[in-house]
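Report on the following structure.
There are 2 protein chains.
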Amino acid sequence: MTEPIEFKRIGEGNLRAQVYHQVRLTIQRGELAPGQKLVDVDIAAQLGISRMPVRDALMQLVHEGYLVGTTRGFTLPTLTATDISNIFEVRRLLEPRAAAHAARTLDAAGLKTLAAALQEAEAAATTGDADLFFQANSAFRNCWLGAVENDRLSQTIARFADHVLVVRLKTLSHQPTQAVIVAGMRAIYEAFVRRDAVAVYDRMTHFIQNAEERFMKLSPPSQQFDDEAASIRRRGKS
Amino acid sequence: MTEPIEFKRIGEGNLRAQVYHQVRLTIQRGELAPGQKLVDVDIAAQLGISRMPVRDALMQLVHEGYLVGTTRGFTLPTLTATDISNIFEVRRLLEPRAAAHAARTLDAAGLKTLAAALQEAEAAATTGDADLFFQANSAFRNCWLGAVENDRLSQTIARFADHVLVVRLKTLSHQPTQAVIVAGMRAIYEAFVRRDAVAVYDRMTHFIQNAEERFMKLSPPSQQFDDEAASIRRRGKS
DNA sequence: GAAATCAAAACAGTATACATTATAGACTTA
DNA sequence: TAAGTCTATAATGTATACTGTTTTGATTTC
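Protein sequences appear in the order of chains A and B.
When you read off a place in the first sequence, starting at 1, and then add 11, the result is the number in this note's numbering.
When you read off a place in the second sequence, starting at 1, and then add 11, the result is the number in this note's numbering.
Below, the structure is given as structure tokens:
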């Protein structure tokens, strides 16, 4: 129960923003253990600043669903099967459309980035490097998402994707799943190259459905913890 | 530039939550003038509490898009035509599906509430009472939205609907528009009564498209202010 | 009279100190 | 030994004080 995470400040704007980005990155990279708790005063001490900016940053992350605030430190939310299914429903509604948008606006540089991410994912899938695979996956999504001109749409998607992403780390180490995902990415990529918005829409739809199915199949059927987890989550709403 | 708004605490949980709900209600009711600024220390003084809970509440509202934080107090965001169009795009993607869900889960009491809200809206439309019409509209939406079992979906919808709602007040005083909206509500209501999820989906789609068109047509073509407004908005992102 | 510079005020950001609350763990008792 | 209660502690919630920055307004100068 020590503090294996080392925080450092990222050089942008005020302290709250710095801490916010740093902690969010830590979460997104999956460097935060499920049961581990984040305490404002500890992080503040480590950074050599006061509690308030840290507290602000953590509370923002709570509002955005990245963390839950209990009376005993901030921790990762424990998602139930229902939670995950709910998140995937929203993603199913938003992402195909957003990707179709991106098909029109993505420029040559974007396509190049997409190709690189895809290649990386394929390499990681063959060697079985879950970490790299995970990163390539994120790069791929962030790339096309950056081309979406509707900010609110892309930000909403990014947030919900991040929420399941936390639990996703386990799933992504499963090699057959990696193969399926890579196939989906390639299909989407090819549609992007052809600038075929309809194909992008359809393939993204298929991709997300696939992801959800795989996800549900592989995730441990720990339904017995659902009530407990839900109560913890609920407490965090405040 | 005095302080015409009177804040009082709402009796739930900690001070931050109380202030948050109070201020959000004020915004949702359209009681906040567009140029008016909210200053934490002022509100705190009025409530007899310190700055911090007020500041926390205001910052949460900023994170949720209800306010923007400038260097000179918090104010309502100035939405450009693009912003509004972006918000409506997300709503178009989410609300029909959510309403279809509600068609299955809405109980008899819910239908009754819906009927009451509809009747109120019709009455307000004939007398031209914009305020009452506005309220009835919100009641109608909140009712079916409450029956949606996917919390994240309904909360996302509520938030985006609230964002345009701020500007909407003006539009809703236009009587021909009121007639169109009431007709849409009735169509949706009847589909709800029949528990016809498909019809609810289609009519909600139509309803939102209609709302957006009316909205764009009636809103002043003040495109010359767009850049300025966008820059104000951007500053608030921090 | 207009423009530029400077000063003062207003407000957000940050720090520190104090109050409150819920949980864990020890201690008591049946 | 197990169950219940109580206390100590860890963490958040709130208050106040201070700092830095930006804006506004006034004064001076051209």
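Ideal placement from N, C-alpha and C gives every residue a C-beta, glycine not left out.
Asked                                                                                                                                                                       : Found
Once DSSP output is grouped into helix, strand and coil, what is the label at Gly59 of chain B?                                                                             : coil
By a C-beta neighbour count over all protein chains shown, 10 Å radius and 16 as the cutoff for buried, is Arg27 of chain B buried or exposed?                              : buried
Any contact between the segment 205-214 of chain A and the segment 110-125 of chain A? By contact I mean 3 or more CB pairs, one from each, below 8 Å.                      : yes
Looking at the C-beta of Leu105 of chain B, does it have a partner C-beta in chain A at a distance below 7 Å?                                                               : yes
Using 7 Å as the limit for Cβ to Cβ distance, is Gln71 of chain B near chain A?                                                                                             : yes
According to DSSP, is Val159 of chain B part of a helix, a strand, or is it coil?                                                                                           : coil
Which chain B residues sit within Cβ distance under 8 Å of His74 of chain A?                                                                                                : Gln71, His74, Glu75
Out of A:Ser61, A:Gln186, A:Tyr200, A:Asn153, which one is the CA nearest neighbour of Phe171 of chain A?                                                                   : A:Asn153
Mark Val159 of chain B as exposed unless 16 or more other C-beta atoms lie within 10 angstroms of its C-beta, in which case mark it buried.                                 : buried
Within 10 Å of its beta-carbon, does Asp162 of chain B have 16 or more other beta-carbons around it, so buried, or fewer, so exposed?                                       : exposed
In whole angstroms, give me the CA-to-CA distance for Asn10 of chain B and Val34 of chain A.                                                                                : With chain B represented from 12 up to 249, any question about residue 10 of chain B goes unanswered, as that position is not in the structure.
Using 7 Å as the threshold, is the C-beta distance between Ala68 of chain B and Ser61 of chain B below it?                                                                  : no
Less than 7 Å between the C-beta atoms of Leu229 of chain B and His185 of chain B, yes or no?                                                                               : yes
At the level of alpha carbons, what is the spacing between Gln189 of chain A and Ser149 of chain A?                                                                         : 14 Å
So Ala169 of chain A packs on Leu156 of chain A, CB below 8 Å; how close in whole Å?                                                                                        : 6 Å
Which of the three DSSP states is assigned to Gly139 of chain A in this structure?                                                                                          : coil
Considering only the beta carbon of each residue, do His74 of chain B and Gln71 of chain A sit closer than 7 Å?                                                             : yes
Counting C-beta neighbours from all protein chains within 10 Å, is the total for Arg246 of chain B 16 or more, i.e. buried, or is it exposed?                               : The pLDDT assigned to Arg246 of chain B is 38, lower than 50, so where the model puts this residue is not dependable; a value taken from the coordinates is nonetheless given after this. Arg246 of chain B is exposed by the Cβ-count criterion.
Using a beta-carbon distance cut-off of less than 9 Å, what residues from the segment 161-185 of chain B approach chain A?                                                  : Asn161, Asp162, Arg163, Leu164, Thr167, Phe171, His174
Count the other CB atoms, across all protein chains shown, that sit within 10 Å of the CB of Thr89 of chain B; report buried if there are 16 or more and exposed otherwise. : buried
List the residues of chain B whose Cβ lies closer than 7 Å to the Cβ of Val50 of chain A, in chain order.                                                                   : Going along chain B, no residue has its Cβ under 7 Å from Val50 of chain A, so there is no contact; the nearest lies around 18 Å.
What does Val7 of chain A reach in chain B if we use C-beta pairs closer than 9 Å?                                                                                          : Residue 7 of chain A falls outside the range modelled here, since chain A spans only 12 to 249, and no answer is possible.
Over the uninterrupted alpha helix (DSSP H) stretch that includes Thr116 of chain A, give me the two end residues.                                                          : 92-116
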